[in-house]
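Chains as they are written, first to last, in my numbering: chain A, 870 to 1104; chain B, 870 to 1104; chain C, 870 to 1104; chain D, 870 to 1104.
Backbone N, C-alpha and C fix where the C-beta goes; we use that ideal spot for every residue, glycine too.
Everything numeric in this text was worked out from a predicted model, so none of it was measured.
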């Protein structure tokens, strides 16, 4: 364990003592109708050489592949996000104010940089949500689509932990979905931020779970059928 | 005036007497920083032969052209919407529940049917919002983009009056934008619905104004500059 | 049938022919986990003498009482809305821009006018959502609460049909809930608007159903238990 | 400086080198029409003895008092939030899923625990937003009210940094408001989380500024008048 991680573990240990004594860090648990959400696993983030490039893809990509295999075997919905902009200069930009903090002007819609990494390519009935903000839910149809599809649990992977994954998780529980963040399948580009954001999330917003636990869950969950997604008492 | 319109005018006249006596039907007025929003003026709606085809394009299209010319001369932002879906069958559709009411399964993302009519083609810095629901704001980044661009007024055109234009207008005032609906530039595909929805909107949600009034307004409004959209006291 | 209604029926009949031929006016159907939403059945709307007073309470109130009895027998969640404002003058109002169209300045938070009519008083575990805009969902936690409670269908009653009931229904289907509007339990304050808004809704946004059909449905639906609302595969 | 803070400063310094080299950590700057948002400065958080009690009130409360004095002198809008629930047990709760992570069941609507601390009591035209989730914007009318009031900048204070303040800031920039977090006026209840969340925010979502800088800004900003908030070109 690196020195940084040791220092953080010391803080987390002290903080956890307070949280537990006060009734935080509860388990939200898995529901019965999950979806997978892969945050910004597009080339700008998964490949080297971009301002947005992240570390850890040697672990993240194979983990996401295993999750996708397990989900596809059960008909579980999978959604990917990417962050991309149609107009990256001038007053009429769709970047909002975000380029005033981070270099989103390099994320041009329609370029290879914002396409999902082909190692985890979406299948035809899987969705790529083009978002403009950090959260996968913010200014998108994701929450509405998941509700219409009767999803109650979101399995979250991707990058970055300090940005889009964190905001997505906070929104997910707010919208009424159980957020499960897959520990080995999230990453970032600077030291420490994965650890402290996972710590905050597990204390307050969603359960951080090991990949193997999530795979066991997906193996056990009922297959999703069209009937299940659209059942009606009478219609 | 047709018999239908006469019957409706009789109702509107009686209703207006009640509304006025009770303090409804006020004028919201124009603000100082407008944007144009053209609802679903894509081929499925503007051309014949589609389940979604609408009437009145001989008036609507030239009106929108005049509005665009006026707006472009002032640097006023223009946004178009289209309604389109990536997955139009199976349980993992992005149609939500809407195909259970109307035939949105014909609106396939990437087809010519859902492309904006070339007679009113967007320019490079104008936005095409792909929406999944009726309102231009619902599950999209439109409200956020307009707020970041300091817009306070939305000039609304398009189709259909009984569906997407109505819901967009209701949302617009809710989000805090002044909605102005251009009387000659909205349409539908069945009789009467333009009239009664304009009546409801003008009573409660936005001002219905003639095209010439809106053009006069656009001629008078201050040109929009990048500075105006991004002014800061200090930064 | 009044002359107005006859004229409207003639239009609806012609319009329905177009809609059916084009594949509109489909049935969305009832789901399995409903909630009741009563829109603005507070004294300003249900009692005479207010700018917002509506007609038809002799039918609406008993209908809502029967729906509530049926829902309470099954543990089905019930939510009421009211529209009320903390600050009704000056620049810092929470009325947004709505007072520029309608007299919402009379709807002062905390007054009897905005309290739910005592003939249909909420029970302790039923919710009164204070909204600022037309839709029950707009700027409120309603959609999130319903999603967390695993609701898939919303039974909608209340007033006004041309305002808050319509906008609520449009939003409901957008959020992925099946909207069922109870024909005898919605009203307004001017002639014609109930009819044409029900017509538009049934064509595009939700099913308009007679009270008896909805009561039959509530009699048949599975009782809701805490377990049902919070079931997990493992937790 | 404590050992913990020293360890964190070492990480922040290394991370900042990466961020700067890649174009992150930009300044968003102050706009011209600010509002103040005080997050959860209610007794459950500001006083000892509650599961939600936070540290640092000796600095936070006087800082907020100074900000309020400066804002009131200019007619700048002030909004407070509290987190409170009408139904804290049973399946029909408005807690959503949040009580499955943290002890929100102690935050009963209408109790003294969720009332704003009287040392910073709201004035009659200031708003107390009752929220159900972490962000001040989530499931509330706040963004709509601010937009209607022509606000472009939000000055954020309060608790907790790892929960509600962070989520509020992420949402604020998404909605198109410039977020300014006041360094001395935010707090939490466990060690380290203020530091790392301020670090993440300043890198990506909003500017973290010292109290004195924000007070200088408020002293320089144009007074807000009713005319300013409602100006129209013609109406």
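Am I right that residue i and residue j are in contact with their C-beta atoms under 8 Å? What's the rounded C-beta distance?
i                       : j                       : result
residue 1057 of chain C : residue 1006 of chain C : Not a contact, Cβ separation roughly 20 Å.
residue 946 of chain B  : residue 961 of chain A  : 5 Å
residue 1009 of chain A : residue 1024 of chain A : The Cβ separation is near 18 Å, so there is no contact.
residue 1066 of chain C : residue 982 of chain C  : Incorrect: roughly 24 Å between the Cβ atoms, too far for contact.
residue 903 of chain C  : residue 949 of chain C  : At roughly 16 Å, the Cβ-Cβ gap does not stay under 8 Å, so residue 903 of chain C and residue 949 of chain C are not in contact.
residue 1021 of chain D : residue 901 of chain D  : 7 Å
residue 1017 of chain B : residue 1045 of chain D : 3 Å
residue 876 of chain C  : residue 876 of chain B  : 4 Å
residue 1043 of chain B : residue 907 of chain B  : Not quite, the Cβ-Cβ distance comes to about 20 Å (not below 8 Å), so this is no contact.
residue 885 of chain C  : residue 874 of chain C  : Wrong, their Cβ atoms sit about 15 Å apart, outside the cutoff.
Return the residue from the list the options that minimises the CA-CA distance to residue i.
i                       : options                      : result
residue 1075 of chain C : C:949, C:995, C:1048, C:1093 : C:1048
residue 1033 of chain D : D:984, D:957, D:909          : D:909
residue 952 of chain B  : B:1083, B:939, B:984         : B:984
residue 931 of chain D  : D:1092, D:1081, D:1088       : D:1081
residue 1079 of chain C : C:935, C:885, C:979, C:920   : C:935
residue 1059 of chain D : A:889, A:873, A:871          : A:889
residue 968 of chain B  : C:1012, C:897, C:941         : C:897
residue 917 of chain B  : B:1001, B:986, B:979         : B:986
residue 1069 of chain A : D:879, D:1072, D:1063        : D:1063
residue 915 of chain D  : D:989, D:942, D:975, D:964   : D:989
residue 1053 of chain B : B:956, B:1083, B:1045        : B:1083
residue 1072 of chain D : D:871, D:876, D:879, D:887   : D:887
residue 1089 of chain A : A:899, A:873, A:894          : A:899
residue 964 of chain C  : D:1042, D:907, D:1012        : D:1012
residue 994 of chain B  : A:994, A:978, A:993, A:996   : A:978
residue 919 of chain A  : D:938, D:892, D:937, D:874   : D:892
residue 1061 of chain B : C:944, C:871, C:880          : C:880
residue 1030 of chain D : D:873, D:925, D:1015         : D:925
residue 1077 of chain C : C:996, C:1087, C:1050        : C:1050
For the alpha helix (DSSP H) containing residue i, list its first residue and its last residue.
i                       : result
residue 878 of chain D  : 872–891
residue 943 of chain D  : 926–943
residue 1043 of chain C : 1035–1044
residue 1082 of chain A : 1080–1089
residue 1017 of chain B : 1011–1017
Assuming residue i is part of the beta strand (DSSP E), what are its boundary residues?
i                       : result
residue 1048 of chain B : 1047–1056
residue 903 of chain C  : 903–908
residue 948 of chain C  : 947–952
Going by DSSP in three states, residue i sits in which element: helix, strand or coil?
i                       : result
residue 1073 of chain B : helix
residue 968 of chain C  : helix
residue 915 of chain C  : helix
residue 1093 of chain A : coil
residue 1032 of chain A : helix
residue 1062 of chain A : helix
residue 956 of chain A  : coil
residue 998 of chain B  : strand
residue 989 of chain D  : helix
residue 1023 of chain C : strand
residue 1068 of chain C : helix
residue 976 of chain A  : coil
residue 1103 of chain A : Because the pLDDT at residue 1103 of chain A is just 45, under 50, the model does not fix this residue reliably, and the value given afterwards should be weighed accordingly. If DSSP states are grouped into helix, strand and coil, residue 1103 of chain A belongs with the strands.
Please identify, using Cβ separations under 7 Å, the residues of the region 966–989 of chain B that lie next to chain C, in order along the chain. 966, 967, 969, 970, 971, 972
Using Cβ-Cβ distances below 8 Å, what residues of the region 881–910 of chain D are close to chain C? none
May I ask you to list, following chain order, the residues of the region 1013–1034 of chain D that have a beta carbon less than 9 Å from some beta carbon of chain B? 1013, 1014, 1015, 1016, 1017, 1018, 1019, 1021, 1022
Note down, in chain order, all residues in the region 922–947 of chain A with a beta-carbon under 9 Å from any beta-carbon belonging to chain C. none
Residues in the region 988–1007 of chain C with C-beta within 9 Å of chain B's C-beta atoms, listed in sequence order? 1001, 1002, 1003, 1004, 1007
According to a CB-to-CB cut-off of less than 9 Å, which residues of the region 1044–1066 of chain C neighbour chain A? 1044, 1045, 1046, 1047
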